[in-house]
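Undergrad: Keeping their order, the protein sequence lines are chains E and Y. Numbering of the first sequence is given in our numbering, commencing with residue 48 and proceeding in unit increments. Numbering of the second sequence is given in our numbering, commencing with residue 578 and proceeding in unit increments. By construction, the Cβ of each residue, glycine as well, lies at the ideal position given by its N, Cα and C atoms. Handing you a structure now.
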Amino acid sequence: MLIRKPSDILPSEITPEATYRDRRTFLAAAGGLLAAAALPLKAKGAQGSGANLGPLQKSPLSTSETPNTYAQVTQYNNFYEFGTGKDDPAREAWRLKPRPWEVKVTGLCAKPRTFGIEELLKLAPLEERIYRMRCVEGWSMVIPWVGFPIKALLDKVQPLGSARFVAFFSADRPDQMPGVRLPVLDWPYLEGLRLDEANHPLAILAVGLYGQILPNQNGAPIRLVAPWKYGFKGGKSIVEIRLVKDQPWTSWAKANPNEYGFYANVNPNHDHPRWSQKTERRIGELLRRPTQMFNGYGDQVAHLYRGMDLDTYF
Amino acid sequence: MATSPSRIAAKTALWIACLAPALRLVWGAFHPESNLLGVNPVQYLLWACGWWALFLLTATLAITPLMRLTGWAWLARFQRPLGLFAFAYAALHFLVYALLDQAGAWGQIPRDLVKRPFIVVGLLAFLILLALAITSTKGWQKRLKVNWKRIHRLIYLAAILAVIHFAWKEKVGWVEPRVLAFAAAVGVLLVYRVIAKATTGTGRRTRTTPAPKASA
Numbered sequence: 048m049l050i051r052k053p054s055d056i057l058p059s060e061i062t063p064e065a066t067y068r069d070r071r072t073f074l075a076a077a078g079g080l081l082a083a084a085a086l087p088l089k090a091k092g093a094q095g096s097g098a099n100l101g102p103l104q105k106s107p108l109s110t111s112e113t114p115n116t117y118a119q120v121t122q123y124n125n126f127y128e129f130g131t132g133k134d135d136p137a138r139e140a141w142r143l144k145p146r147p148w149e150v151k152v153t154g155l156c157a158k159p160r161t162f163g164i165e166e167l168l169k170l171a172p173l174e175e176r177i178y179r180m181r182c183v184e185g186w187s188m189v190i191p192w193v194g195f196p197i198k199a200l201l202d203k204v205q206p207l208g209s210a211r212f213v214a215f216f217s218a219d220r221p222d223q224m225p226g227v228r229l230p231v232l233d234w235p236y237l238e239g240l241r242l243d244e245a246n247h248p249l250a251i252l253a254v255g256l257y258g259q260i261l262p263n264q265n266g267a268p269i270r271l272v273a274p275w276k277y278g279f280k281g282g283k284s285i286v287e288i289r290l291v292k293d294q295p296w297t298s299w300a301k302a303n304p305n306e307y308g309f310y311a312n313v314n315p316n317h318d319h320p321r322w323s324q325k326t327e328r329r330i331g332e333l334l335r336r337p338t339q340m341f342n343g344y345g346d347q348v349a350h351l352y353r354g355m356d357l358d359t360y361f
Numbered sequence: 578m579a580t581s582p583s584r585i586a587a588k589t590a591l592w593i594a595c596l597a598p599a600l601r602l603v604w605g606a607f608h609p610e611s612n613l614l615g616v617n618p619v620q621y622l623l624w625a626c627g628w629w630a631l632f633l634l635t636a637t638l639a640i641t642p643l644m645r646l647t648g649w650a651w652l653a654r655f656q657r658p659l660g661l662f663a664f665a666y667a668a669l670h671f672l673v674y675a676l677l678d679q680a681g682a683w684g685q686i687p688r689d690l691v692k693r694p695f696i697v698v699g700l701l702a703f704l705i706l707l708a709l710a711i712t713s714t715k716g717w718q719k720r721l722k723v724n725w726k727r728i729h730r731l732i733y734l735a736a737i738l739a740v741i742h743f744a745w746k747e748k749v750g751w752v753e754p755r756v757l758a759f760a761a762a763v764g765v766l767l768v769y770r771v772i773a774k775a776t777t778g779t780g781r782r783t784r785t786t787p788a789p790k791a792s793a
């Protein structure tokens, strides 16, 4: 029989590194909350418990439509890294650790480098952008994002003339994301924009929702939002942004090239092979409403696609 | 199981079990604060009714093999009510699609029915169940004689179509494990019947009791 001398310190008394890091995160978040409490008012309708992002600029690009509630926006999500059910992300996303977080910006640019999330939060004045979001499945919401134009980040790294596309890679963490253990899509989730699309003022990197830091299930800590495109174009929990010459082979286009295109502009005239895209159900409404070309952002973005056959480049 | 009180108890249990999912959905629809139906209630109703239709359809198919394996002839009287409940949930699923899911866009239904193979497949399964439900009465059983049994074997086709309909709606080629479970169950039950037919030569179950009463 093996007799061991008891150690002076019980294993349970040693704090694992992850735990003390969590404590720091907690303290930082608590500090944020205190600061938030000092501010006069949270965004109307907000019920979240995330740290407040402080004073936000209003944007003329916001819609005047009534936003969906915080509960709707955070309980009905497509985020396959946490499962294919709409309620899976709300249930499973607590596993994701969105701090500390870094985003590598690489590829065809003069000054490639890595940005910490705290730096990204200060990169440009944070704006509230209330956007329509149309899912390729035929439902839609109005969401008050907080973010900054992607262009602000790209300007920092100075894209080279040879760069024509921007690829956005999402986190692929089997230990924190149960969904990536299944071969539903080719992980990591990859989305992309043409460089001129990425530089469009409507295209943002969102870091918040309803004035607070982004909840995990919505793509914390930083995600892509391009409101004239179907929702799946908005890569979540981004860890790398790469400037490239050729059109990226994005996740959904790869999964089913006949049904999901690279451009994925909202287009009521181009049906999904298995369902119509002419109408959508706004979450919270009973009657379907007609889907608008470019999700209603045609005045701002239609010129990007002049001369292109949108049935070919769907 | 021959005694009448136990028969009544079994039938009551079956009705409660089959009605419970529908009652839950109705309760949820009238209590939005419970969030039982989630953020997109119409979509959830559509999915839940379809899921129960497929579940009860599979359960109906399982009766004959189960009866043969166990020798419990009394199971036979569950076959018709289960099948009719499967039809009822399929009908609810169809009504939710037509009246709620497509609300405000009714004009696009006919076009969708023609253009969308996965909807066509689901509709075919529903029409088969409708025909079987109409001809499920004792009167029709007498009128169709030997053909009644042949016609009612179409339930296998309905089940196969329903599984395809269920799997085909997915956004990716990825098929949910529970869909695979249904596919496997229907497959096993079908193979069992085919083998049974081959070995007995007739495919008809040997009756140990008189034909089940018509009351459902």
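Measure from the alpha carbon of R289 of chain E to the alpha carbon of each residue in E:F126, E:T131, E:R138, E:L155, then state which is nearest.
TA: Answer by Cα proximity: E:L155.
Undergrad: Output the distance between the C-alpha atoms of K748 of chain Y and P754 of chain Y, rounded to the nearest integer angstrom.
TA: In a straight line, the C-alpha of K748 of chain Y is about 15 Å away from that of P754 of chain Y.
Undergrad: What do you reckon, are the CB atoms on A253 of chain E and R241 of chain E nearer than 8 Å?
TA: For A253 of chain E and R241 of chain E, no; Cβs fall outside 8 Å.
Undergrad: Please identify, using Cβ separations under 7 Å, the residues of the stretch 688 to 700 of chain Y that lie next to chain E, in order along the chain.
TA: Of all residues in the stretch 688 to 700 of chain Y, D689, R693, F695 have a Cβ within less than 7 Å of some Cβ in chain E.
Undergrad: Would you report the Cα separation of V619 of chain Y and L672 of chain Y, rounded to the nearest angstrom?
TA: So the alpha carbons of these two residues sit roughly 11 Å apart.
Undergrad: Would you say N724 of chain Y lies against chain E (beta-carbon separation less than 8 Å)?
TA: Not an interface residue.
Undergrad: Give the DSSP bridge partners of Y178 of chain E, in chain order.
TA: In DSSP, Y178 of chain E forms a bridge with E:I190.
Undergrad: Please classify T777 of chain Y: does DSSP put it in a helix, a strand, or coil?
TA: Three-state result, T777 of chain Y: helix.
Undergrad: Where S611 of chain Y and W604 of chain Y are concerned, what is the direct C-alpha to C-alpha distance, given to the nearest angstrom?
TA: If you take the alpha carbons of S611 of chain Y and W604 of chain Y, they lie about 9 Å apart.
Undergrad: For Q679 of chain Y, name the three-state secondary structure that DSSP assigns.
TA: Q679 of chain Y: coil per DSSP, three-state reduction.
Undergrad: Let me know the secondary structure DSSP gives A98 of chain E once reduced to three states.
TA: Reduced to three states, the DSSP call for A98 of chain E is coil.
Undergrad: 8 Å is my cut-off, CB to CB: does A93 of chain E come that close to chain Y?
TA: Note on A93 of chain E: pLDDT 49, under 50, position unreliable in the model; the coordinate value appears next. Taking Cβ atoms only, chain Y never reaches closer than 8 Å to A93 of chain E, which makes this a no.
Undergrad: What's the call for E376 of chain E, buried or exposed, on a 16-neighbour Cβ count within 10 Å?
TA: Here chain E comprises residues numbered 48 to 361, so residue 376 of chain E is not present and cannot be evaluated.
Undergrad: Nearest-angstrom Cα distance between N115 of chain E and Q718 of chain Y?
TA: For N115 of chain E and Q718 of chain Y, the distance between alpha carbons rounds to 54 Å.
Undergrad: According to the Cβ coordinates, are C182 of chain E and G278 of chain E closer than 8 Å?
TA: Yes, Cβ-Cβ distance for C182 of chain E and G278 of chain E is below 8 Å.
Undergrad: Determine whether the Cβ of G308 of chain E lies closer than 8 Å to any Cβ atom of chain Y.
TA: Not closer than 8 Å to any Cβ of chain Y, the Cβ of G308 of chain E fails to qualify, so no.
Undergrad: Helix or strand or just coil, what does DSSP make of I197 of chain E?
TA: If DSSP states are grouped into helix, strand and coil, I197 of chain E belongs with the helices.
Undergrad: Going by alpha carbons, who is nearest to T110 of chain E out of E:N314, E:R179, E:A140?
TA: Nearest of E:N314, E:R179, E:A140 to T110 of chain E, Cα basis: E:R179.
Undergrad: What whole-angstrom Cβ distance do L232 of chain E and Y127 of chain E have, given they're in contact under 8 Å?
TA: With 8 Å as the limit, L232 of chain E and Y127 of chain E qualify as a contact, their Cβ atoms being about 6 Å apart.
Undergrad: Counting only C-beta atoms, is F341 of chain E closer than 8 Å to chain Y at any point?
TA: For F341 of chain E, the answer is no, since every Cβ of chain Y falls outside 8 Å of its Cβ.
Undergrad: Along the stretch 120 to 132 of chain E, what residues have a CB closer than 8 Å to any CB found in chain Y?
TA: Residues Q122, Y123, T131.
Undergrad: Between which two residues does the alpha helix (DSSP H) containing I711 of chain Y stretch?
TA: That run of the alpha helix (DSSP H) goes 694 to 711.
Undergrad: Here's the rule: buried if 16 or more other CB atoms are within 10 angstroms of the residue's CB, otherwise exposed. What is N305 of chain E?
TA: Exposed: under 16 other Cβ atoms inside 10 Å.
Undergrad: Three or more beta-carbon pairs under 8 Å between the stretch 765 to 776 of chain Y and the stretch 147 to 154 of chain E, yes or no?
TA: Judged by Cβ distances under 8 Å, the stretch 765 to 776 of chain Y makes no contact with the stretch 147 to 154 of chain E, as fewer than three pairs qualify.
Undergrad: For N312 of chain E, which three-state DSSP category applies?
TA: Strand.
Undergrad: The beta strand (DSSP E) spanning G627 of chain Y covers which residue range?
TA: Not the beta strand (DSSP E): G627 of chain Y falls in the alpha helix (DSSP H), residues 618 to 647.
Undergrad: Drop a sphere of 10 angstroms on the beta-carbon of Q205 of chain E, count the other beta-carbons inside from all chains shown, and report buried for 16 or more, exposed for fewer.
TA: It is exposed - the Cβ of Q205 of chain E has fewer than 16 other Cβ atoms within 10 Å.
Undergrad: Please work out which residues of its chain come closer than 6 Å, Cβ to Cβ, to I197 of chain E, disregarding the five sequence neighbours upstream and downstream, and give them in chain order.
TA: Once the five neighbours on either side are set aside, the close Cβ partners of I197 of chain E are A245, A250, L252.
Undergrad: If you check the beta carbons only, do A267 of chain E and P191 of chain E fall under 8 Å apart?
TA: Cβ distance not < 8 Å, so A267 of chain E and P191 of chain E don't count as in contact.
Undergrad: Helix or strand or just coil, what does DSSP make of T161 of chain E?
TA: DSSP places T161 of chain E in strand when its eight states are reduced to three.
Undergrad: Report the residue ranges of all beta strand (DSSP E) runs contained in full by the stretch 246 to 289 of chain E; include only those spanning at least 3 residues, in chain order.
TA: Counting whole runs of 3 or more residues, the stretch 246 to 289 of chain E contains the beta strand (DSSP E) stretches 251 to 256, 270 to 272.
Undergrad: In its own chain, which residues sit with a C-beta less than 6 Å from the C-beta of A84 of chain E, not counting the 5 before and 5 after it?
TA: Caution is warranted here: a pLDDT of 39 is assigned to A84 of chain E, below 50, making its placement in the model unreliable, and the coordinate value is therefore given only provisionally. Closer than 6 Å at the Cβ level, and outside the excluded window around A84 of chain E, lies no residue.
Undergrad: Could you pull the start and end residues of the beta strand (DSSP E) that K715 of chain Y belongs to?
TA: Unbroken run through K715 of chain Y is the alpha helix (DSSP H), 715 to 721; no beta strand (DSSP E).
Undergrad: By how many angstroms is the C-alpha of G185 of chain E removed from the C-alpha of L170 of chain E?
TA: Approximately 35 Å, taken between the alpha carbons.
Undergrad: Assuming L643 of chain Y and L634 of chain Y form a contact by the criterion Cβ under 8 Å, report the distance between their Cβ atoms to the nearest whole angstrom.
TA: Not quite, the Cβ-Cβ distance comes to about 15 Å (not below 8 Å), so this is no contact.
Undergrad: Mind reading off the beta-carbon distance from A137 of chain E to T121 of chain E? Whole number of angstroms is fine, and I expect it under 8 Å.
TA: Going by Cβ atoms, the distance from A137 of chain E to T121 of chain E rounds to 6 Å, so yes, they are a contact pair.
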